[in-house]
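Trainee: The opening residue of the sequence shown carries number 1 in the UniProt record's numbering; numbering runs sequentially from there.
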Amino acid sequence: MSHVFPRHCNATLPTATAGDGCFLIDQDGKRYFDGSGGAAVSCLGHSNARVRDAVKAQVDQMAFAHTSFFTSDPAEQLADLLIEHAPGDLDRVYFVSGGSEAVESAIKLARQFHLENGEPARKHLIARRQSYHGNTIGALSAGGNAWRRQQFAPLLVEMSHIAPCYEYAERPEGESLEDYGQRTANELEAEILRLGPETVMAFIAEPVVGATLGAVPAVPGYFKRIREICDQYGVLLILDEVMCGMGRTGHLYACEADGIAPDILTIAKGLGAGYQPIGAMLCTSQIYNTIAQGTGFFQHGHTYIGHPVAAAAGLAVVQEILENDLIPQVKARGTYLQQQLEARLGQHPHVGDIRGRGLFRGVELVADRDSKTPFDPKYGVAAKIKKAAFAEGLICYPMPGARDGRVGDHILLAPPFIASEAELSGLVDMLATAI
Ligand code: PMP
Numbered sequence: 001m002s003h004v005f006p007r008h009c010n011a012t013l014p015t016a017t018a019g020d021g022c023f024l025i026d027q028d029g030k031r032y033f034d035g036s037g038g039a040a041v042s043c044l045g046h047s048n049a050r051v052r053d054a055v056k057a058q059v060d061q062m063a064f065a066h067t068s069f070f071t072s073d074p075a076e077q078l079a080d081l082l083i084e085h086a087p088g089d090l091d092r093v094y095f096v097s098g099g100s101e102a103v104e105s106a107i108k109l110a111r112q113f114h115l116e117n118g119e120p121a122r123k124h125l126i127a128r129r130q131s132y133h134g135n136t137i138g139a140l141s142a143g144g145n146a147w148r149r150q151q152f153a154p155l156l157v158e159m160s161h162i163a164p165c166y167e168y169a170e171r172p173e174g175e176s177l178e179d180y181g182q183r184t185a186n187e188l189e190a191e192i193l194r195l196g197p198e199t200v201m202a203f204i205a206e207p208v209v210g211a212t213l214g215a216v217p218a219v220p221g222y223f224k225r226i227r228e229i230c231d232q233y234g235v236l237l238i239l240d241e242v243m244c245g246m247g248r249t250g251h252l253y254a255c256e257a258d259g260i261a262p263d264i265l266t267i268a269k270g271l272g273a274g275y276q277p278i279g280a281m282l283c284t285s286q287i288y289n290t291i292a293q294g295t296g297f298f299q300h301g302h303t304y305i306g307h308p309v310a311a312a313a314g315l316a317v318v319q320e321i322l323e324n325d326l327i328p329q330v331k332a333r334g335t336y337l338q339q340q341l342e343a344r345l346g347q348h349p350h351v352g353d354i355r356g357r358g359l360f361r362g363v364e365l366v367a368d369r370d371s372k373t374p375f376d377p378k379y380g381v382a383a384k385i386k387k388a389a390f391a392e393g394l395i396c397y398p399m400p401g402a403r404d405g406r407v408g409d410h411i412l413l414a415p416p417f418i419a420s421e422a423e424l425s426g427l428v429d430m431l432a433t434a435i
């Protein structure tokens with residue numbers, strides 16, 4: 001009997017024993033193409049020598065030094081590299097162990113900033129429906145995923161949720177993309193005014209929505225309007241790039257494509273690429289200085305923040321992405337993957353929308369493609385496709401839409417950046433067979 005507490009109790013899982021490029025291998029030698037990078041994690045595949053060697057070297061040299069007493073070379077170098085390429089005025093990095101911790105840090109930083117800036121009434125956080133920002137209780141409070149929230153209510157943060165920018169499912173026929181984007185963004189202004197601008201601390205959103213919608217970017221102009229509204233009302237903009245950041249969309253930071261920069265940005269998953277658990281929160285000098293010149297103490301921390309081995313892995317990952325020009329490769333292979341998906345599945349009666357950016361793609365599954373009618377949740381279509389794909393030797397990430405307070409399913413694809421065209425075409429074959 002296994003004593004490991006699995007995510008799905010009673011599940012019997014194969015044992016992963018080895019990694020080879022884009023593949024994971026189980027105890028029987030069966031090879032699985034990692035079409036979702038786990039959950040948009042393994043951007044460099046499973047046997048990257050540079051990251052492996054960097055981790056080994058750091059363990060040999062010095063594994064741990066608590067951040068109350070020391071900084072470390074890998075943490076400093078990684079922070080420098082992240083800031084060198086970061087959008088806007090982001091110029092401080094706070095390292096944590098994963099995505100939820102990064103979001104927790106962002107929420108608490110926003111709250112503390114307003115307190116120290118003389119605006120203690122700013123407590124409300126606004127997010128979007130059908131969003132996911134992590135599973136710890138604060139990050140869960142932020143997310144607008146109805147299924148995940150319901151059993152833990154009442155949640156912690158003073159929250160409200162506005163509509164996502166989800167053009168395929170929610171733009172009325174006849175409304176232009178631009179009008180839809182402006183109208184959806186203006187929901188933020190309406191919500192700020194409803195709550196009272198002096199009570200709102202921040203708005204949080206993913207530039208390209210990952211798990212809950214399936215690689216859905218906002219329409220052009222949406223985030224520019226969001227940025228304007230935040231500036232107008234003194235509301236901090238937190239962009240959660242835990243899933244879509246670190247090159248996944250064909251930009252190191254996904255928000256570059258929207259032409260805006262946030263006040264606080266979170267990253268994780270692809271930063272450690274699976275070699276080490278690491279996440280980070282980036283913030284502007286204005287936020288940092290307010291706290292530094294105020295109480296001088298950010299009231300948040302975890303034992304393992306800034307872990308040298310995790311930072312060494314993160315540094316090697318970002319160097320590998322930048323020095324090997326993987327970002328243009330992600331763009332080109334992403335276009336290829338989109339074309340292959342459209343060619344193989346574009347006319348399928350149960351495939352609705354195929355979308356995304358870079359190597360971050362979503363396939364929407366519908367009962368009827370003309371009317372966009374979603375499947376009845378009782379069929380559990382996305383979960384069945386995941387199972388059928390796994391049997392074919394493909395790892396893909398399902399999202400049963402019904403879990404998110406709406407009816408509808410999709411499959412998320414986030415293959416490693418090193419995947420060849422032949423491998424991506426194999427991915428599409430296996431997915432098409434499964435569907
Ligand atoms: N934010 C987003 C956008 C995510 O996709 C996730 C994980 N799926 C998280 C936060 C939480 O990250 P973690 O699982 O590393 O805590």
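Idealized CB from N, CA, C, for every residue including glycine.
1) Excluding sequence positions up to five away, which residues of its chain have a Cβ less than 8 Å from the Cβ of HIS161?
2) With a cut-off of 8 Å, do at least 3 Cβ pairs link the segment 201–208 to the segment 233–252?
3) Please report the residue range of the beta strand (DSSP E) in which PRO398 lies.
4) Do the segment 63–71 and the segment 303–323 make contact, defined as three or more Cβ pairs closer than 8 Å?
5) Please find out if some non-hydrogen atom of ligand 1 comes closer than 7 Å to the beta-carbon of ALA142.
6) Using the C-alpha atoms, what's the distance from VAL51 back to GLY356?
7) Counting Cβ pairs closer than 8 Å, one from the segment 77–86 and one from the segment 227–241, do we hit at least three?
8) To the nearest angstrom, report how far apart ARG183 and GLY21 are at their CA atoms.
9) Measuring alpha carbon to alpha carbon, tell me which of GLY35, ALA257, ALA311, GLN232 ends up nearest GLU423.
10) Is HIS85 helix, strand or coil by DSSP?
11) Taking the beta carbon of PHE203 as the centre, do at least 16 other beta carbons fall within 10 Å, making it buried, or is it exposed?
12) Return the Cβ separation of GLY358 and HIS410 in integer angstroms, given the expectation that the two are a contact with Cβ distance under 8 Å.
13) Measuring only from the beta carbon, is ALA110 closer than 7 Å to any heavy atom that is part of ligand 2?
14) Enumerate in chain order the residues of its own chain whose CB-to-CB distance from SER425 is below 6 Å, with the five nearest sequence positions on each side excluded.
15) So what's ASP258 in DSSP terms, helix, strand or just coil?
16) Could you compute how far the alpha carbon of ILE385 sits from the alpha carbon of GLN329?
17) With hydrogens ignored, establish whether the beta-carbon of TYR397 is closer than 7 Å to any heavy atom of ligand 1.
18) Round the Cβ separation of PRO262 and TYR233 to the nearest angstrom and send it over; I've been treating them as touching at under 8 Å.
19) Taking the runs of the alpha helix (DSSP H) that are 4 residues or longer, which of them lie wholly in the segment 144–175?
20) On the three-state DSSP scale, how would you describe ARG31?
21) Here's a check: name, in chain order, each residue in its chain whose Cβ is nearer than 7 Å to the Cβ of ALA313, leaving out the five neighbours to either side.
Mentor: Taking the definition as stated:
1) ILE126, ALA127, ARG128, ARG129, SER131, GLY144
2) yes
3) 397–400
4) yes
5) no
6) 28 Å
7) no
8) 44 Å
9) GLY35
10) coil
11) buried
12) Wrong, their Cβ atoms sit about 17 Å apart, outside the cutoff.
13) As for ligand 2, it is missing from this structure, which binds only ligand 1.
14) GLN340
15) helix
16) 28 Å
17) no
18) Actually they do not touch by this definition, with Cβ atoms about 15 Å apart.
19) 146–150, 167–170
20) strand
21) VAL51, ALA54, VAL55, GLY272, TYR275, GLN276, ILE278
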